[in-house]
Each structure stands twice: as C-alpha cells, then as structure tokens.
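Here the sequence shown stands for residues 369 to 618, numbered as in our numbering. To start, the structure under review is shown below, and the notes come after it.
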Amino acid sequence: MEDIDIWQEKFEFCNYSKKLIGRIEYLNTIVDSPIDIIEVKKGIYYTRKYHATQMRQSGEPYYSHPIEVAIMLADFTALEAPKLYKSYMINVALLHDTIEDTILTHADISKIFDKNIADNVERLTRIKPYGKISSGEMLNLLIQEQRYDIALIKVFDRLHNLQTINAKSTEKALETVKETIESFLLIAAYLEIRTVEQQLLNVCNNFIKQHFPSEQKAIFRSVYEISFFNFKIIQNKLKRMQYYFRKKKA
C-alpha cells in the first residue's frame, strides 16, 4: 500500500465527505465518547480511492453510497445506541462493498486499518466460500452469528439502496422490495426502529402501488407469509438482538 503513510497528505474533500465529517463533528458534541475524525477521514479516503471509477445506476459516483450509509449509521447510533457510536462501525460502513466490488482485499484492510474492521467488511461480502448469497440471506446469517452491530449496517445499506430503486428494472426492483419486506422490514419492526421501519415500508408500498396496483394485496400477503416464517426461524436470535440494542442505549 504505497500511500499508507501519506494518505492524509493526499486526502481531499468532496461534497459527500464534507457532509459526513460535518455530521460527525456535530454528533461528537452530544455524545459521551466522540469518534476519531482522523479515522473517519481515513475510511473516506480509501473508499473513494477504490470505488473511484465506479458509478451507481442513478448516475452518482459509487462512493456516495457507502458515505451516505455511514451518515445514516452515525445518526442512528449517536441518538439511539450510543455505545455503538464507534469509528470501527463508521469505517466498516464506508468499506462495506470494497472486498466484493473492488481489488481491495481482507489483507489490505487489515494492514491499513486492523483485523477487526477487515473481518467485519468480509462479513458484509455476499461472496462466500460456498457461493454468492442474497442480501436477505446475509442479514439472517449475521443475526444467526449474533453480529448485531454489523447487521445494523446492512439494514442502513438496504435503506439507502431503496432510495434509488427506480433506477433498476421493474423485475429486479420487485425482487428487492420483496426481500426487503421478508427480512429487513421484519428486523426493523422487531427492534422498534420506527423511523427506519416506516421508511422501508413506505418505499416498498409506493413501488408496489405504482407498478402492481391490482396485485398489491396479493404481493403483500405472500411476502408477509414468508416474513412470518423467517421470524419463527430466528425468533430467539431476534430476542437476543433486541436485548443487545437495549444495552447499547444505556
């Protein structure tokens, strides 16, 4: 990593990073344990570096996505679960797509940051030794492994991705909406993250109403049946997750 010792000299702000740093600076004034701004800048630098040539379907630079996810995560943890308002959480959010979508490796992240961040970014990578899994399967896996902190990042990843859902084909978007209701909405509802739950539900409901108005009730009925089945499978894990977040609020 030729810039590992000089990244601060090469760091440049963009509109997205200004927004994140400004938010962290404000949140640091209202929490007991502020986040290290330098560590966040480091995460921004490498996120922008390795996603530099990639674009989102919306036409925005790809790195805008992980930065926006980090902003959502910072807001939520600072206000609702301050014990999770940590620089490692922000950097995992910033780097969450790098192993899957760029040439950055687990070993690279371990060297630049530390093994904990590298391990958690790898947990958010859908490519596993046994094949590629869906985002819903990943979320359930994180809950099964009791990695509730990292599952929270995945929820905000989905929430931000839904904001550009109309850039997808209708078929792909419907798959995303169904998966969101089956897994992500279930988690947000059970953990009583009301603002996230409402945002997820609104986007899904509006999409189905717009594109499949005559099938709206049937789609929701079938998806809720799957959601209930998922709930029964991981019910005990969800109770532990609920207890985990209650402790993080204290």
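Think of the CB as a built atom: it goes at the ideal place given N, C-alpha and C, for glycine as much as any other residue.
Using the C-alpha atoms, what's the distance from PHE552 back to TYR558?
When rounded, the distance between both Cα atoms is 10 Å.
Could you pull the start and end residues of the alpha helix (DSSP H) that GLY411 belongs to?
Here the alpha helix (DSSP H) through GLY411 covers 405 to 418.
Specify the secondary structure class of GLY427 as computed by DSSP and reduced to three states.
Three-state result, GLY427: coil.
Helix, strand or coil for ILE435, going by three-state DSSP, please let me know.
Helix, per DSSP.
Have a look at ILE576, ILE435, MET440 and flag the residue whose alpha-carbon is nearest the alpha-carbon of VAL564.
Here the closest residue by C-alpha is MET440.
At 4 residues or longer, what runs of the alpha helix (DSSP H) sit wholly inside the stretch 556 to 596?
Listed in chain order, the complete alpha helix (DSSP H) runs (minimum 4 residues) inside the stretch 556 to 596 are 562 to 579.
Would you check if there are 3 or more beta carbon pairs closer than 8 Å linking the stretch 467 to 483 to the stretch 529 to 536?
No, they do not touch.
According to DSSP, is LYS615 part of a helix, a strand, or is it coil?
Looking at LYS615 - three-state DSSP - the assignment turns out to be helix.
Quick check: the Cα distance between ARG608 and GLN566, rounded to an integer number of angstroms?
If I take the Cα positions, the gap works out to 23 Å.
Once DSSP output is grouped into helix, strand and coil, what is the label at LYS500?
LYS500: strand per DSSP, three-state reduction.
Given 8 Å as the limit, is there contact between the stretch 402 to 413 and the stretch 447 to 463, that is, 3 or more CB pairs closer than that?
Touching, yes.
By DSSP, does ILE458 sit in helix, in strand, or in coil?
The answer is helix: DSSP assigns ILE458 an H, G or I state.
In or out: PRO434 buried (at least 16 other Cβ within 10 Å) or exposed?
Buried, since its Cβ has 16 or more Cβ neighbours within 10 Å.
Could you check whether the stretch 440 to 451 touches the stretch 419 to 429, counting it as contact only if at least three pairs of C-beta atoms, one from each stretch, sit closer than 8 Å?
The stretch 440 to 451 is not in contact with the stretch 419 to 429.
Rounded C-beta distance between LYS536 and GLN425? I'm assuming under 8 Å.
Correct: roughly 7 Å between the Cβ atoms.
Mark GLY499 as exposed unless 16 or more other C-beta atoms lie within 10 angstroms of its C-beta, in which case mark it buried.
The residue in question, GLY499, is exposed, as its Cβ has fewer than 16 Cβ neighbours within 10 Å.
Would TYR394 be called buried (16 or more neighbouring beta carbons within 10 Å of its own) or exposed?
Exposed, because fewer than 16 other Cβ atoms sit within 10 Å of the Cβ of TYR394.
Specify the secondary structure class of ILE477 as computed by DSSP and reduced to three states.
Here ILE477 sits in helix by DSSP.
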